[in-house]
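As numbered in this note's numbering, residues 6 to 973 make up the sequence shown, in order. The structure under discussion appears below in the form of structure tokens.
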Amino acid sequence: MLMSTLKPLAELENPSEFIARHIGISAADEQHMLGVIGEASRRALIESIVPRSIARAQAMDLPAPVTEAAALAELKSMAQQNQLLKSFIGQGYYGTHTPGVILRNILENPAWYTAYTPYQAEISQGRMEALVNFQTMVTDLTAMDIANASMLDEATAAAEAMTLAMRTVKSKSKVFVVSRACHPQTIEVIQTRAQPLGIEVLVPQSADAFTAALNAEHFASLVQYPCSTGLVEDLSGYAAQSHAQSAALIVAADLLALTLLKAPGEMGADIVVGTTQRLGMPMGAGGPHAAFMACRDAYKRSLPGRLVGVSVDVHGKPAYRLALQTREQHIRREKATSNICTAQVLPAVVASMYAVYHGPEGLKRIARRVATYTAIFAQGLQSLGFKLRKETAFDTVWIAIGESSASLIERARHDGMNLRKACDKSVSISLDETTTRDDIHALWQVFAAESTNPGQALPSFDAFEKGIEPLIPTELRRTSDFLTHPVFNRYHSETGMLRYIRQLSDKDLALDRSMIPLGSCTMKLNATSEMIPITWPEFANVHPFAPADQLAGYQLLDQQLRDWLCQATGYKGISLQPNAGSQGEYAGLLVIQAYHRAQGQSHRNICLIPSSAHGTNPASAQMVGMQVVVTKCDENGNVDMVDLQAKCEQHSANLAAVMITYPSTHGVFETQVKQLCELVHQHGGRVYVDGANMNALVGVAAPGEFGGDVSHLNLHKTFCIPHGGGGPGVGPVCVVEDLVPYLPGHATSGVPVNGVGAVSAAPLGNAAVLPISWMYCRMMGAEGLKHATESAILAANYISKRLAPHYPTLYASDNGHVAHECILDLRHFKETCGVMAEDVAKRLMDYGFHAPTLSFPVANTLMVEPTESETLEEIDRFIDAMIAIREEIRQVEAGTWPQDNNPLKHAPHTADSLLGSEWARPYSREVGAAQAQRVPGSVKYWPQVGRVDNVYGDRNLFCSCIPLSDYA
């Protein structure tokens, strides 16, 4: 009897425990769902959906899964291989203190990190208010007219500013003048981005040469403020010189420095870019950090990236929304001026809250301390006999060392400090918020050992207790106010800040409240155990340009994750450098371009793209200078092979690539994908397979095996990095063997550049979030990842089948099945009762759900993707809500409710609107609140604003904090 209760030891150890926690569908649930679909088993379902011609022949070769605790222990051991030296490198990356209230309640809070891009304004008011705070902070500090809601990093922001200037200024020149005093990684990324567009980047090597270049024809110039080597100089002359050439002045500025320095906008700057990293986001070996871009009013309608604006809702209440949404790349496609479709929302929120918490006086105090320590340090160096190469500074001093610079840097390293080698006989040292008196004393000791005057006593802080003037020229000290809005002057106690953060998160709907069934966006579980490592000091406090031997843990993480992703995709080489999916696309096309160039085929510039493709595809092709040719899709949403063949033959001599999404954007596994790849290869082209839908492929099919040459992955989709309200992301670029030599390099960090230069500021891109995907792969193993894919496909087909009597699925395979997402066709409701897909999307908010993807890729439809993480209970709750809404539509169709006065047209319903004294509607308040569908014990989610007026917001573009008087 006792023997029957014994279980094998391996079962008790349960190394695959995480798989059942990640996948929400139990074995019993699976059987029920298969019964509804009409399939005998999960394997039978997959074999009936995934074409046998592309099915994997063998399983992925990945380590066996381990428990959450074991994975964390293994990763901790890896992290400890990184060496944590005190960084004085600067170069755009600095030590910072993340206030605990922000660390715990935003960066580590799923209410913030699991939120989606705020396309549905009514349920995104909290994060959009934080982004408006970000935009206000940037415009105030830069003294520019408007700022966007964040960029990917400073280097790519500078490159985007270059192209913004080129399409905006009157000058027809193709010359871009860049100061050699800009950060080297910024110069490198600009050179990468300029080459395919035919832009000539001039980097004059002397002050006289720079002046001469500004006095010659050019369309824009870029300067760093303060310079990368520390110099603080007046920019007015540079602005005047560029303006005389009908060109723009772009300034890469340090926001913390701008609390003390004259603002670029006050000196004639046209565009200002930079990073907010030092405002509370750890260095993290390079990211993620929120960059920014601000510009003059005349440039605002060409400003790339997202822009949060102020509008009004149906009740006349101020409400936030994404402004000028027609700039989104899925609309503008090959006419797009940028391929950016994401941002760095979570880091931007952290930076904005850092400003809210400290306020203007707190920021100035932090900046004054940095500037004062810098002046003290510089004076101490001079007393030791060293000469400063520059006499002005905010936080960085450049010291002439002579032949002993290498030994000084090595001595500092031995004492636990990293200095920057500015040039052969000089070093540069940058101080920051984390610098202490002990740090400066330790630095003095290092320099004293290299001094030519060994008898000189060490400097002492005693001489500076009464203060010292910063090394900022009087005429360049800031006199204008900033951050005057009440939000930056109210929440300086932790209690106040805590409640403000909670107040904003309560306005939003994120994955911690309910399923977010967004097609193409894969809003899956971001497990807590995956998130824990990102704030470990061993990962967070690493400078991206520290010596390579100090990043051994990151290098091992990078190598293992690349190996595992190669197994998942069937490719032979991967770069993790691209810091967004759009950048992965861009890098992939650059790789193809570099390959053709190396083969003596640089004339190949035609990129074939199906009409159903993601909008970033044609935008990326345009950015690398390719000519986009659109191919047709048939009535089932598949690539029209007849048209594709005709276009291949027509453009055979110049065909560079085809870009497809697989499974298709319509949510179907196209059966002729191998033939498509073979056709393109026959005509000399390469096949780019967009990895947006890899959640339907991992473990069951691999693009690198069925004919793809290049793919990008979205680690913030398939591999569990959170969306963070619209960023951060990681977009690795994956290639077949003969394209491996052309993957992005990074000369600034010593990574060889063979074909493609740097595509992001840091060699590992958003390195600090890579542990999330590593943890996911390590805990799932090959079988777990495959199970996740199959469960995602199962869930999508279950939804499609159950909703079929109410909302037909627009595209399906011959047997009626879909891939991991399905497009619900709502188009006929417009004729039967005037209801649009947008009305259903807004009504779902009353039921406590984020809407599926609205009107993409087909207008007036909803694209649903449940992912494998959702439980059957939650999936059924969503289905029940959709069925209930269909019954409401029938009430309108029957004439019970007027077409312009029904719950769908008035959705979403706020608590204020339901509690008003008057109620002149043909349905009850209970119906408006969708009370009948509430699950017992659940908490009702209340949208904070009614339907937002998009047209009003674009006609009255206002993108900074609202004066309190406007709330009256």
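Virtual Cβ for every residue (Gly too), placed ideally from N, Cα, C.
| query | result |
| --- | --- |
| Tell me the residue span of the beta strand (DSSP E) that contains ASP830. | 827-830 |
| Put LEU157 into one of helix, strand or coil per three-state DSSP. | coil |
| In or out: LEU744 buried (at least 16 other Cβ within 10 Å) or exposed? | buried |
| Taking ASP444 as part of the alpha helix (DSSP H), name the residues at either end of that continuous run. | 442-455 |
| Given a cut-off of 7 Å on the beta-carbon distance, is the pair ALA651 and ARG609 in contact? | no |
| Looking only at C-alpha atoms, which of ALA797, ALA842 and PHE883 sits nearest to ILE30? | ALA797 |
| Measuring straight from C-alpha to C-alpha, what distance separates GLN560 and ILE107? | 29 Å |
| List the DSSP bridge partners of ARG4. | This structure cannot speak to residue 4, because the chain is shown only from 6 to 973. |
| Confirm, please, whether the CB-CB distance from ILE151 to PHE181 is below 7 Å. | no |
| ALA515 to THR723, Cα distance in whole Å? | 18 Å |
| Touching or not, the stretch 251-260 and the stretch 719-735, by the rule of three or more beta carbon pairs under 8 Å? | no |
| Tell me which residues share the same chain as SER669 and place their Cβ nearer than 7 Å to its Cβ, disregarding the 5 neighbours each side in the sequence. | SER617, GLY642, ASN643 and GLU675 |
| Once you ignore the five residues that flank ARG960 on each side, which residues in its own chain have a CB closer than 8 Å to its CB? | none |
| Would you give the residue range spanned by the beta strand (DSSP E) that VAL869 belongs to? | 866-869 |
| Quick one: complete alpha helix (DSSP H) runs, 4+ long, within the stretch 909-946? | 916-920 and 930-933 |
| As a quick exercise: from ILE434, HIS855, HIS717 and LEU351, pick the residue whose alpha carbon is nearest that of TYR975. | Look at the range of the chain in this structure, 6 to 973, and you will see that residue 975 is not part of it. |
| Does the beta-carbon of HIS911, which I'm using as the reference point, lie nearer than 6 Å to any heavy atom of the ligand FMN? | Among the ligands in the structure shown, none appear at all, so the ligand FMN cannot be discussed. |
| Which runs of the alpha helix (DSSP H) at least 4 residues long sit entirely within the stretch 104-138? Give them in chain order. | 115-118 |
| Using a Cβ-Cβ cutoff of less than 6 Å, which residues in the same chain neighbour LYS81 once the five nearest sequence positions on both sides are dropped? | none |
| Quick check on the burial criterion: 16 or more other C-beta atoms within 10 angstroms. Buried or exposed for GLY958? | buried |
| Where ILE24 and MET784 are concerned, what is the direct C-alpha to C-alpha distance, given to the nearest angstrom? | 7 Å |
| Comparing C-alpha positions only, which one of GLN196, LEU649 and LYS179 sits nearest to ALA221? | LYS179 |
| Flag this pair as yes or no: are the beta carbons of PRO231 and ALA262 separated by less than 7 Å? | yes |
| If you draw a straight line from the C-alpha of LYS679 to the C-alpha of ASP714, how long is it? | 12 Å |
| Can you check DSSP and say which residues form a bridge with LEU660? | ILE611 |
| Give the straight-line distance between the Cα atoms of GLU165 and ASP467, rounded to the nearest whole angstrom. | 48 Å |
| Going straight from the alpha carbon of GLY310 to that of SER343, what length do you get? | 8 Å |
| Given that a residue counts as buried once 16 or more other Cβ atoms are within 10 Å of its Cβ, and exposed if not, what is ARG483? | buried |
| Please classify TRP403 as buried or exposed, where buried requires at least 16 neighbouring CB atoms within 10 angstroms. | buried |
| Indicate the three-state DSSP secondary structure (helix, strand or coil) for ARG418 in the structure shown. | helix |
| How is SER716 classed by DSSP in three states: helix, strand or coil? | strand |
| Drop a sphere of 10 angstroms on the beta-carbon of ARG332, count the other beta-carbons inside from all chains shown, and report buried for 16 or more, exposed for fewer. | Caution applies to ARG332, whose pLDDT of 48 falls short of 50 and renders its modelled position unreliable; the model cannot decide the point. |
| Check HIS751 in the structure and name its three-state DSSP category. | strand |
| From the DSSP output, in three-state form, read off ASN19 for me. | coil |
| Does the beta-carbon distance from ILE473 to ALA380 come in below 7 Å? | yes |
| What is the C-beta distance between ASN698 and MET664, in whole angstroms, given that I count them as a contact (C-beta under 8 Å)? | Not really, about 13 Å apart at Cβ, beyond 8 Å. |
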